[in-house]
Each structure stands twice: as structure tokens, then as C-alpha cells.
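Numbering (our numbering), first residue to last: 1 to 139.
Beta carbons are placed, not taken as given, at the ideal position from N, Cα and C, and that holds for glycine.
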């Protein structure tokens with residue numbers, strides 16, 4: 001998945017500049033611990049000598065997704081020379097998240113590429129080779 005650089009970071013509404021995942025919490029959920037997101041990332045074209053930053057947020061939203069409360073943000077850096085020609089694993093740490101999600105709220109993770117990055121970036125996830133995961137309530 002290619003994501004274009006987002007000049008206004010997490011505030012972007014341009015679908016080419018973010019990836020968003022959501023999960024409905026039907027019965028409610030208590031979050032009380034560290035939250036992290038594991039992904040695989042690379043600079044567009046696997047261009048050597050380039051680096052960039054992936055920024056992400058985790059939020060609690062209403063059913064429409066338009067009214068959200070941000071629960072945490074984090075970022076991780078990609079230096080393509082650290083993994084020439086391939087994706088590299090990154091972990092975005094949202095810190096300790098303490099929140100009670102009411103029933104029928106939606107947990108949303110949004111990922112953007114920092115506008116100060118050298119280029120657009122690519123994400124890989126959802127396969128055996130490039131497993132991604134959201135970890136909640138970890139000690």
C-alpha cells in the first residue's frame with residue numbers, strides 16, 4: 001500500500017495520504033495499558049539513501065466515525081539503507097492508553113507519512129511474511 005506524504009499530518013482527509021483501520025466495540029472495552037502497532041514499511045521504490053517517518057493515532061469514534069477522541073499518538077522512523085530493497089519492521093508506541101470504550105464505539109487507527117519525509121512510503125501488512133498487529137493492554 002502506497003501512502004503519500006501528509007503535510008498536515010494526522011489531520012489530512014486526503015485518502016491517498018492515510019490508511020485507516022477500524023473495529024466496532026459492540027459490548028464495550030476497557031483499555032488500561034500500553035498500546036502498540038506493528039507494521040512493515042519502506043520508502044517508495046525502496047529508494048536507497050532516503051528516510052521517512054510514519055505517524056499514527058489510536059482513537060475512539062462514534063458509529064459514523066466523525067466524532068472521535070484521540071487516545072494516543074506515536075511514530076517510528078524508516079531509514080531505507082537499514083533494509084536495502086525490502087520492507088522493514090516498525091513499531092509505533094502509543095504509550096499507556098487508559099480509556100473505557102462504551103458499547104458500539106469504534107476503535108480507529110490512522111496512519112500517515114510525515115510531510116518532512118524524503119518521499120512517499122509503502123506499508124506491508126496482513127500476510128504471513130508481513131504480519132501487522134495492534135497490541136492493546138500490554139504490561
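| Check | Outcome |
| --- | --- |
| Buried or exposed (CB count within 10 angstroms, at least 16 for buried), residue 56 | buried |
| 8 Å Cβ shell around residue 26 - same chain, five flanking residues per side excluded | 103 and 104 |
| Cβ-based neighbour list, residue 60, same chain, cut-off 7 Å, excluding 5 preceding and 5 following | 68, 69, 71, 99, 101, 105 and 107 |
| Given residue 76 as reference, the closest of 58, 85, 114 and 34 once Cα atoms are compared | 114 |
| Buried or exposed by the 16-neighbour rule on C-beta atoms within 10 Å, applied to residue 110 | buried |
| Buried or exposed (CB count within 10 angstroms, at least 16 for buried), residue 23 | exposed |
| Neighbour-count burial assignment, residue 6, 16 or more Cβ in a 10 Å radius | buried |
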